[in-house]
Every structure is written in structure tokens, then in C-alpha cells.
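Residue numbers (the working numbering), protein chains in the order written: chain A, 184 to 540; chain B, 6 to 323; chain C, 373 to 815. We put the CB at the ideal spot given by N, CA and C, even for glycine. On a predicted model such as this, the values are computed, not experimentally measured, just so you know. For reference, the structure is listed below as C-alpha cells.
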Amino acid sequence: MLYREAGQFKTDYASDQAIFPILQDRIGLAVILAVAILLPFANNDFLTNAVMIPFMIFTLAAIGLNLLTGYTGLLSLGTGAFMGVGAYACYKLTSIFPNVNILIWVLCSGFFAAAVGTVFGLPSLRIKGFYLAIATLAAQFFLEWCFIRVSWLYNYNISGAIEVPQRTLFGIIVTGPRATAETRYYIVLGFLVLMTWAASNVVHGRIGRSWMAVRDMDIAAELMGIRLLPTKLLAFAVSSFYCGVAGALMVFLWYGGAEPTVFNINQSFTILFMIIIGGLGSLLGAYLGAALIFILPIVLRFAPEVLGLHIHAATVEHITYITTGVLIIFFLIAEPAGLARLWQVGKQKLRVWPFPY
Amino acid sequence: MHMLYMIFIDPFMQMAQAPDLFAQTLWDGLVAGVLYALIALGFVLIFKASGVFNFAQGIMVVFAALTLVGLHDAGLNAFLALALTIGVMFILAFTVERAVLRPLVNQPDIILFMATFGITYVLIGFGEYVFGGDPKVMPTDAFYLPKGAITYHTLGGMVQFQKLDIAAAIVASIMVAGLAVFFSKTRIGRALRAVADSHEAALSVGISLEQIWVIVWFAAGLVALVTGIFWGARSDVSFALEVIALKALPVLILGGFTSVPGAIVGGLIIGLGEKLFEFYWGPLMGGGTDAWFAYVIALVFLLFRPQGLFGEKIIERI
Amino acid sequence: MKARHLFVGLACAALLGAAALTGVAQAQDKIFVPLFTYRTGPFANSGIPIANGMHDYLTMLNERDGGIGGVKLDVEECETGYDTKKGVECWESIKDKHPTVVNPFSTGITLQLIPKAAVDKIPILSMAYGLSASAVGKDFPWVFNPPATYWDGMSMIIRYIAGKEGGFAKLKGKKIGFIYLDAGYGREPIPLLKDLAKDYGFDVKLYPVAGKEMQDQSSQWLSVRRDRPNWMIMWGWGAMNPTAVKRAAENGYPMDHFIGVWWSGSDDDARGGGTQAKGYLALNFSGLGSNYPAIQDIKKYVVDKGKSQVEKDKFADTFYNRGVFNTAMVAEAIRNAQKITGKKVVDGADVRKGLETLNMTAARWKELGFPDFGTAIHVTCDDHNGHSPAYMQQWDGKEWHRVSDWIEPMKDKVMPLLDAAAADYVKKNAGWPKRSEACAKLP
């Protein structure tokens, strides 16, 4: 009913090729943004601190991995370590140059992650598929070992962890324990929106198309004049950049300190789940996947309590595991192309409703 | 200069000066290699027959061992418990085929890979719910696993062979030999190889894919059970064992995803390389190198021989 | 059709989620004691007995005394799985429910929570783990880590070794190996160990064990065979402990020269090594066995009534008692808080004062039904730790036995390191708040 495009005429190519050609989509997006901006006024710290901020950070990392795995077709299991590179780079930068604004360093730390990612992306010229995935595991474990072993990285702290100093932006405290949840929320939201926008432009442009060409058939892409090595390395670099920024945000605006174990292999797997469940090669998929994989277990954990059921904490944890596993399999069977595809199907159905097609 | 000496000369001097320790390192490396190879074997079996990269192999090891110990602790006779565990692994294989593989047939590899993560989660939750999270001690006596060690005072010191490790090596060899015979001599084994070569061709000559999948998952379950028994006897049976699955991945690169002998040889190379490097070169870097060294071997290896030692040539590569 | 079902399902899930996330207000007629526990994950073997001990002691207080000061305790477990992410989630989920004190039971989680404690006004009690530097009360008013820091523990072990060797002078030229979990927890004692090595002239050999290698450790123990250290010290946790004990026994290391810290001395840890583990030593600061009136009360009021999750044969084992020890401190702090503020239902800010006045002498332990159970703890405004002594326990193949007197830590060596570490922490965390809380005093 409401979702009809009848009467919306396109009079030039630009509007026809827009990312959101339908008016209702644009309205929907505006509503979502408005809700996102108004959310902190709900004044629920748990919602902002433990749900929304991590959700947005994971989304950012998932977008990063999706650029590599979903758009370029290179499977990587080093995401956690690349996030770690971002976090440690940001920590070093802000402790060496404390006067430079922290947000600049968060962005810069992405470049360090990009550099490291490019180096570990080199084998992608020779191998792909699961072989490449295991090769990226080398990055994961080697970097994790460095985070533990190279004391310089954590300023020789005895605890072996990195701690977040207090930093301000225009006189407002943005990092450290005294930064309010709202401030941190808006900063993460800002990063997410801007970087999603940037990613959307990249994937719809020349670079994104060359990535997808490589993904769909590398030999054909090469014949069309796409140079494989630079294209693949660029994908590694951009992807690691996103992951690095996500890692820096994670430590500076969410955790407020981190041990190396935060960036372990499970982190890499979690983010890979997000993009597979959400939909490979879809930015929307990164959002949906992060929502399902991150928020669902939280809901499952705290739902029994809210519903007044007294189940033991450990039992809840077991049930959460089982349910998450079953849901992963269920969604894969229902729609192997991911939640983003499901969303598209739903939209298509709405457009022609009440007719089946 | 000193650094170069420490890297290129000193380790070999140490090997020559203390041959007993060198021999011991070799033995430890071989044992570790056999155990890695056992896990890798589970991966290879499933990958060969169904093209699924089964990440759940690690948790299957834990699950099988827990079921065994759990049943034994519940007062069952050891061999009855063993039989029941084998039954449980069969039910697991059957359920996985029905609930996961069949609906997902012909999906891209990565989707099936993801589905095995789903299986992992379910098994973790279910296993902890049923057996609890605390570690169990593997009743080695009940299974007539040998205890103690054989010690030789030779080479200017002593070399020690844990009887358990010897048993592990023997059982692993028997199992590999058995699998090799099974693959080449039996009807099901040949059907299995046909499936590995081409699903369509196998179907067209009347081989039931579903049946074959149940069989390979069951076989992988048995391998997991054996792995679980030996790893469990070496430390404890607990969910911490799950991470050993990660140890099998570099072995797979080295040996190739589809080669049973490759898994064995790869396992031995990784085990030996890792222990030798950690023992002789690790101290230079502060130790703890065994966390990543295997992957570096694998990575270097990949650059020269992407299909692995015995892998098939038709590997996806540029 | 299928798609529609899916959407209905999703909508329901979303509704449920929204309901879960809005949280619930709690009636304030109970004292809320959250317990961060882990009964799942790779460290569950160490986590389960502690969780049972903590839960059962507080439940016993509810059943026997009707709570503390006539107010029932609201005990709620939050499962962390030893995972930092879930730990922080737990913190966010309880912080608006007026929690009295948080026991994170993971060094990683503690490190994350320390900066949040002062902001959210919730004290953290990290019993002999966490950040050693947080013992300095003037910099960390909201964090408490009694009865001893890791540095105290290391100095006690060295003192014990010196005693066995026949004096500190005899340590010269000896070789001491240190095998540890390669994480912040295991690495923390290294600076002190190196300092002591310099002072007393012994050699230190380090054997890190990566988290992934916990269950193998063959290279580490082979290196031990090569280096032949006179003594071995272990800082292990979870599955690392039983494996280490097993490997040590296999390699023929003399077990009575192998000493674990208090987190490497549970029954499961030693049992893994079987009879060969006989002689293995570990530090401990809480009592052994069930032969205490209060522990018997737990049995009577909680375990026998089926209100506990503990398995019969694991009741009152080492780590269970460690959990009881932890909550005995919590209960005492709540009592102190009630005395100081005069309120019945206390919150985090009150219990902070209670913890700061914690003074558990031998006589006080006895009053509580724990004669000779725990080490004496005296927390003050400046010293949030107490640097209490611990004793050495030895495994006889079946159970632990106490084999030493209380061993005093070397405070003169520990304190300078501690102050320097705290100053360093404050310096690196620019904008660390100055202490504004007045020193608490018992009336």
C-alpha cells in the first residue's frame, strides 16, 4: 500500500541511478537516522553502552570484512588482529602525541591497520578460498603474539593491557571513564554513518566494480585489464582500514582498555559470522548480521529475567549457545544469501502486494 | 654478529652437545605431529566426500570424549560406554546430514562452512548443559591405556618415551591404515572416492549421496573420539580442548585438504618444526612461538606449493 | 509463505528484545549482591567451584540469619564465561540496580572495570587478582584487592624457598624457573621476580605458555629439563594447571620443588597429575576442608536442602572455600557499611566504606564461624590490600595439607614497586580523578 513507486518519475540518469531511487526508501532511511540520533534520549545506559555502541562498532568491522570477503571474494580470518593493530596504533599515537585530537588518531590508526593488512594480503595473489583463510590465520596468531610480547606496544604497562587516557574534543570529554555514554554514542554513530557512506561510494564506483569483477571471475577480470595484485591488495588495505578504525573505536569508546585476548580468533570468527548471516556483498547485510549475531545473544541472556523466569545463569548461557547455533543454521537454510537478501525479497513482495508477483 | 651466532650456530651446537635432549625434542615433535594429524584426518575425511570445511571437528573431539567419560562416570562399563559413544556419534552424523547438509545441498562452500559453526555452537551449548563445564579425568585404566614411561639412559642423558604417546602413535597408524584399506578395497570406500571426484557422476551411477555423507561424518566422529581419548588422557577432558582444532589447520595446508597421507605427513612436519623451533630458537624471541610458528611454516609452504604436499592439482588458485 | 513466517518470527524477536533491553526497576528492600561467575568456557574448571562457594555462603546467610542485619540478600549470578565482552555487559546490566560490590573474577574484566568503578560508584573487590597497583587507596578509592597482591605472593614463595634452602644467602647461584600463562595475569610478577633475583643473586628462567598451548606444554617442560632449575614457580589458570602438574610429573621434575600461586592450587589442578603429583606445593590463604562451623552451616542450610549446584564430592574443596572466603569479606563489608551509615539497605557507595574499614583478625574469623580459616586482613584508607600472609599447602596424592606457617610477604620490596606502578598508571591515564572520597571510619 504505502510502499508503491507509482508516480515517481525519473527525468534524468542521475536520479535513476541513485542508490535509493524510491522515495519511501529515502524516507525510511531518514526515519532510521532520526531514531538513531534520538536514541540516547531514551536515557537507558544499558541500551546505549552495552547494546548500541558495540553494535555500531561491530557493524563497522563487518563492513570492513565485507569489502574484502563479500565484494572481493577473499576470505579472511585475521579481522580480530587487524582491529587490534588499529587499537594499539591509536594507543601509541595518542600516548606519543597527546595533544593531537583523539578522533584524528582513531582515523589515522586505520592507516596502520591498512599497511599491516596489505602485507598479510600478499599471499592472496597465489591462493584463495579456505587456503587463503588459513593463511590469514597466520596474521591473526602472529599479531596476537606481538600484542603480548612487544612491551613497547603497551607502553611497558605491568598489567600488559592498554588503558585509555582521558581526551577531550572542544572541551567535552570523549574518552576515558568520565565520558558520557551519549558523547561516545554520537561519535561512534558519526564514524559509522560517514564510513558507511564512504564505503557505499567505493563499492558503487570503479574500485568496487573491479573488486566484484575479481570476485566473480578473476581470469575474466584480468582480461578486461584489471590488474589483480593491486586490486586485491587495495581490498585488503581498505578492509583493514575499516577494521582498524573499528578496533580503535572499540577500545577507546567502548571497552576503555583492552588485553590482547580481546583481539583473539573468536573476534575474527564473530565478524565473519555477521557478514555471512547478514549477506555477503551487501552493506545492509553488515548491519543486519551484526544485529543478529551481537544483539540476539544479549536478548536471549536477559530475556528470561525480564519475563520473570528464574533460570540459572549458566543454563541461560547454554541455551543461548544452542539457540544461536540453531538460528544460524535456520537462517542459512531459509536464505543462504543472507538477511539482506531476505530483506530484498520482502521489499519486492511489498511492492506488488497484494499480488504475488 | 652475536645475533647471527645465536640464530645460525648456537642451536646446532646445543643439538650436538645434548643429543639426548635433541632426541627427546624429535620424539615430542613426532607425538605432537601424530595428534595434530589425527585432528586433520577428521577434516580431510569430510572435505573429501562433501566439500565441507568442517569447523566443528574440534568440538566433536570434545563432545565425543565428554560423552565417553560422562557415560563411564555414570557407572557404565568402559566398553559399554565406548559402544554407546560410538552410537551417539552415529546419531550426530545422521542428524547433521538430515538437518544441515541435506537442506543446504549445492550451496557455496562458505555457507556450509558457516553452517558447521552453527553445529559448533549447538554442540558447545548442549555438551555443557549435559555434562557441565568442569573438566573430567579420562579413565585411562578402564580403557587399558598404558601408563608410565620407558626411559633410556643413552646419548649422555636420558630419553623418555611416554607409553601413552607410543600407544597414540600405534593407534593412529592402525587407523590410517584401516582408512586406507577402507577407501581402496570396500564398496562403500570406492563409492566415497567417486563422490569425492564428482557428485553428479556419483549420483548418476546410483550412489546415494546422503548415505555417503552419513558415513563420512560418522567416520570423522570416530576419528574425533580416538583423538579425544588421547588428548584427554594427555591433559583433561574439557572445553579448552576445542582450540586444538586450530592446530590442525596449518597441517591441512601442508598436506592438502583432500589427502589422507598428506594429513599424516603434514602433521608430522608441523609437530616437529614447531617443537624444534620453540626449543632451540624460541628463547631468542621470549618463547611461546608455538602459538604461530605452524602457520608461518604453512604460509611459506603455500607460496611454493599451493596445492599442498599430496593435494590434487585442480585447486582453485591464480 | 516461508518468508512471512520468518517476518512474524523476527517481529516477535524484536519485541522480546525491546522488552529485555528496557530493563526492570528493582524494589529496594533487599541488598543486591551480583556475582560475576563463569561456569562455562575454557576456564570453567576454576570458575565453577568458586561460583558455588560464593553463591552458597550468601545463600546460607539468607537461610540462617535472614540476610545481613535483618535484610535479605538478593544474590544474582551473571555468567561471564571469562570473556571481557560479557563481563562488561554484566556490569552494564547490573549497575542501575544498586549493586553493593562487584567481584569480576577475571583479571581481564577487572582491568576494564577499574576506570568505570569510580564513575558508577560501585566498588570492585578483586580478591588477590586484578591490577596489583590498585592496592594504593589514594589513587584507587573504589578498588580493593585483599588479601595479597601477586607481588606479595611471589615474595612469599621466594621466602619459602629461601627457608627450605637454609637462608636467603643460599639462594645465590640457584636457578628458579617461572612457568606462566602468557597474559597480563602471568606476566605481572616478573618485574618483582627479576628484582629479587638481582638482590639475592639467583637466576631466573621464564617459560611462557600461550593460551592455545595450555593443554600441551611439551616444549616448555622439555626446556625445563634442559635448564634444570632448582625450583619451579607457576602462575597458571584453568586447564593450564592440571596439564603443567602432569607434565612436570612425567618429566621427573621433583614435585616438592614445584610451587604454584594460589590460583594454581585447586583440587582439580593437582588431581590431574594423579599419584605422581604427590608433593606439589601451592600457596593458599583460605582454609582447607569442611571442618569449620560456618562451612557446616552451609552444608546444613544450603547443600543438604538442595539449594546448591555443588557436586557432593566437590563440596568444601580448595576453590569452593576460596569462594566462601571471598563472600565472607563481602558480608563483613556490608556489615561494616550498615554500622557506618546506620542504613539497613546499603548500596555501592556505602559498601566502599565498609570495605575500607575491613579488619578481619583471627578473633573475628572465629566469631564468624571460621576458626583458623582465613588469613587476617586489615584494609585501610591507604592500603586497599592488607598484604596479608599466606601459607603453603602440599598435595599428598589425595588432598591438600597445610605444610607451613603463615608466610609474610616482603613488604619492603613490594611497596616501592606498588607505589611506582600506581603512579605510572595515574600518569598514563591522563585525567585520572583525584580521590575525593573521605576516609571511612567505623563508629
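* **Within chain A, partners of lysine 488 of chain C - CB distance below 9 Å** => Stepping through the third sequence from its first residue, residue 488 of chain C is reached at position 116. Correct list: Pro360, Gly439.
* **Assumed close pair tyrosine 763 of chain C, isoleucine 779 of chain C - CB separation to whole angstroms, cut-off 8 Å** => Taking the first residue of the third sequence as 1, we reach residue 763 of chain C at position 391. Taking the first residue of the third sequence as 1, we reach residue 779 of chain C at position 407. That belief holds up - the Cβ atoms of tyrosine 763 of chain C and isoleucine 779 of chain C are roughly 6 Å apart, short of 8 Å.
* To do: Determine the contact status of leucine 522 of chain A and glycine 461 of chain A, defining contact as a CB-CB distance below 9 Å.
  => As a first step, residue 522 of chain A must be located in the first sequence, where it is residue number 339. As a first step, residue 461 of chain A must be located in the first sequence, where it is residue number 278. Cβ atoms of leucine 522 of chain A and glycine 461 of chain A: closer than 9 Å.
* Along the alpha helix (DSSP H) that carries alanine 654 of chain C, what are the first and last residues, could you check? => For the purposes of this step, residue 654 of chain C is identified with residue 282 of the third sequence, where counting begins at 1. Counting along the chain, alanine 654 of chain C falls outside any alpha helix (DSSP H), though it belongs to the beta strand (DSSP E) covering 653-656.
* Rounded C-beta distance between alanine 299 of chain B and alanine 582 of chain C? I'm assuming under 8 Å. -> As a working note, residue 299 of chain B is residue 294 in the second sequence. As a working note, residue 582 of chain C is residue 210 in the third sequence. With 8 Å as the limit, alanine 299 of chain B and alanine 582 of chain C do not qualify as a contact, their Cβ atoms being about 12 Å apart.
* Asked: Looking at the structure shown, is methionine 499 of chain C part of a helix, part of a strand, or coil, going by DSSP?
  -> In the third sequence, residue 499 of chain C corresponds to position 127, counting from 1. Looking at methionine 499 of chain C - three-state DSSP - the assignment turns out to be coil, as it is neither helix nor strand.
* Under the DSSP definition of a beta bridge, which residues are partnered with leucine 325 of chain C? -> There is no way to answer for residue 325 of chain C, as the model of chain C reaches only from 373 to 815.
* Asked: Of all the options C/Asn602, C/Val718, C/Ala793, which has the alpha carbon lying nearest to the alpha carbon of glycine 442 of chain C?
  -> Locating residue 442 of chain C in the third sequence gives position 70, where the first residue counts as 1. Cα-wise, what sits closest to glycine 442 of chain C is C/Val718.
* Using a beta-carbon distance below 9 Å, is threonine 747 of chain C in contact with chain A? -> Locating residue 747 of chain C in the third sequence gives position 375, counting from the first residue. So, not an interface residue.
* Spatial distance of phenylalanine 452 of chain A from glycine 391 of chain A (CA atoms) -> Position 269 of the first sequence, counted from the start, is the residue given in the question as residue 452 of chain A. Position 208 of the first sequence, counted from the start, is the residue given in the question as residue 391 of chain A. C-alpha separation (whole angstroms): 24 Å.
* Asked: At what residues does the beta strand (DSSP E) containing methionine 632 of chain C begin and finish?
  -> Taking the first residue of the third sequence as 1, we reach residue 632 of chain C at position 260. Checking the sequence shown, residue 632 of chain C turns out to be glycine, not methionine. It spans 630-632 - the beta strand (DSSP E) in which glycine 632 of chain C sits, taken as one unbroken run.
* **Candidates B/Asn59, B/Gln165, B/Val135: closest to serine 590 of chain C by CA position** => Position 218 of the third sequence holds residue 590 of chain C. The residue with the shortest Cα to Cα distance from serine 590 of chain C is B/Gln165.
* **phenylalanine 149 of chain A versus glycine 440 of chain A - alpha carbon distance** => Residue 149 of chain A is absent from the structure shown; chain A starts at 184 and stops at 540.
* Asked: Among residues of its own chain, excluding the 5 on either side of glycine 758 of chain C, which ones have a beta-carbon nearer than 6 Å to its beta-carbon?
  -> Taking the third sequence and counting its residues from 1, one reaches residue 758 of chain C at position 386. Excluding positions up to five away in sequence, the list reads Pro518, Pro519, Ile749, His750, Val751.
* To do: Taking only beta-carbon positions, decide if arginine 332 of chain A is within less than 9 Å of chain B.
  => Residue mapping note: residue 332 of chain A aligns to position 149 of the first sequence, counting from 1. Yes, arginine 332 of chain A lies at the interface with chain B (some Cβ there is under 9 Å from its Cβ).
* Spatially closest choice to aspartate 195 of chain A from A/Pro204, A/Arg187, A/Tyr254, by CA coordinates -> For the purposes of this step, residue 195 of chain A is taken as residue 12 along the first sequence, with counting starting at 1. The shortest C-alpha separation from aspartate 195 of chain A is found at A/Pro204.
* Looking only at C-alpha atoms, which of C/Lys467, C/Pro471, C/Lys458 sits nearest to isoleucine 481 of chain C? -> Taking the first residue of the third sequence as position 1, residue 481 of chain C is located at position 109. When only C-alpha atoms are compared, the closest one is C/Lys458.
* Just to confirm, does lysine 684 of chain C get its C-beta within under 8 Å of one of the non-hydrogen atoms of the ligand SAM? -> Questions concerning the ligand SAM fall outside what the structure shown contains, since it holds no ligand whatsoever.
* Asked: For chain B, is any of its Cβ atoms less than 9 Å away from the one on valine 347 of chain A?
  -> For the purposes of this step, residue 347 of chain A is taken as residue 164 along the first sequence, with counting starting at 1. No, its Cβ sits nowhere closer than 9 Å to a Cβ of chain B.
* Cβ distance (whole Å) where lysine 577 of chain C is taken to contact glycine 549 of chain C below 8 Å -> If you number the third sequence from 1, residue 577 of chain C lands on position 205. If you number the third sequence from 1, residue 549 of chain C lands on position 177. Contact flag correct, Cβ pair sits at about 5 Å.
* glutamine 165 of chain B - partner residues in DSSP beta bridges -> Here residue 165 of chain B refers to the residue found at position 160 when the second sequence is read from its first residue. B/Thr156, per the DSSP bridge assignment.
* To do: Look up tyrosine 763 of chain C in the DSSP assignment and give the residues it is bridged to.
  => As a position in the third sequence, residue 763 of chain C is number 391, starting the count at 1. Its beta-bridge partners are C/Asn656.
* Between the C-alpha atoms of phenylalanine 309 of chain B and tyrosine 314 of chain A, what's the straight-line distance to the nearest angstrom? -> Counted from its first residue, the second sequence places residue 309 of chain B at position 304. Counted from its first residue, the first sequence places residue 314 of chain A at position 131. Roughly 13 Å between the two C-alpha positions.
* To do: Could you tell me which residues DSSP pairs with valine 242 of chain B in its beta bridges?
  => Counted from its first residue, the second sequence places residue 242 of chain B at position 237. According to DSSP, valine 242 of chain B bridges with B/Lys141.
* Asked: Roughly how many angstroms lie between the CA atoms of alanine 199 of chain B and isoleucine 193 of chain B, to the nearest whole one?
  -> What you label residue 199 of chain B is simply residue 194 of the second sequence in a count that begins at 1. What you label residue 193 of chain B is simply residue 188 of the second sequence in a count that begins at 1. Those two C-alpha atoms are separated by around 10 Å.
* To do: Could you work out which residues of chain C lie near proline 151 of chain B, taking near to mean beta carbons separated by less than 7 Å?
  => Taking the second sequence and counting its residues from 1, one reaches residue 151 of chain B at position 146. Those do not exist, as proline 151 of chain B stays about 13 Å from chain C at its closest Cβ, beyond 7 Å.
* Comparing the C-beta of tryptophan 236 of chain B with each C-beta of chain C, is any distance below 9 Å? -> Indexing the second sequence from 1 puts residue 236 of chain B at position 231. So, interface residue.
* Considering only residues of the same chain and omitting the five flanking positions on each side of valine 36 of chain B, which have a CB-CB separation below 6 Å? -> Taking the second sequence and counting its residues from 1, the one referred to as residue 36 of chain B is at position 31. Same-chain partners within the cutoff: Asp170.
* C-alpha gap between alanine 473 of chain A and phenylalanine 419 of chain A, whole angstroms -> As a first step, residue 473 of chain A must be located in the first sequence, where it is residue number 290. As a first step, residue 419 of chain A must be located in the first sequence, where it is residue number 236. Cα to Cα, the separation comes out at about 21 Å.
* Is it right to say glutamate 728 of chain C is buried, meaning 16 or more other beta carbons lie within 10 angstroms of its own, or is it exposed? -> Taking the third sequence and counting its residues from 1, the one referred to as residue 728 of chain C is at position 356. Classification of glutamate 728 of chain C: buried, given that the 10 Å Cβ count is 16 or more.
* C-alpha distance - leucine 184 of chain B paired with glycine 56 of chain B, whole-angstrom precision -> As a working note, residue 184 of chain B is residue 179 in the second sequence. As a working note, residue 56 of chain B is residue 51 in the second sequence. If I take the Cα positions, the gap works out to 18 Å.
* To do: Within its chain, find whatever has a CB closer than 6 Å to the CB of valine 572 of chain A; leave out the 5 residues flanking it on each side and keep chain order.
  => Because chain A is modelled from 184 through 540, residue 572 of chain A falls outside the range shown and cannot be assessed.
* Give the secondary structure of glycine 440 of chain A by DSSP, where H, G and I count as helix, E and B as strand, and everything else as coil. => To locate residue 440 of chain A, count along the first sequence from 1; it is residue 257. Here glycine 440 of chain A sits in strand by DSSP.
* With C-beta atoms as the reference, is threonine 431 of chain C less than 9 Å away from phenylalanine 477 of chain C? -> Numbered from 1 along the third sequence, position 59 holds the residue referred to as residue 431 of chain C. Numbered from 1 along the third sequence, position 105 holds the residue referred to as residue 477 of chain C. Going by C-beta atoms, threonine 431 of chain C is not nearer than 9 Å to phenylalanine 477 of chain C.
* **Minimum Cβ-Cβ distance from valine 460 of chain C to chain A less than 9 Å** => Translated into the one-based positions of the third sequence, residue 460 of chain C becomes position 88. At least one chain A Cβ lies under 9 Å of valine 460 of chain C.
* **Spatial distance of isoleucine 331 of chain A from glutamate 188 of chain A (CA atoms)** => Within the first sequence, numbered from 1, the residue matching residue 331 of chain A stands at position 148. Within the first sequence, numbered from 1, the residue matching residue 188 of chain A stands at position 5. Cα to Cα, the separation comes out at about 56 Å.
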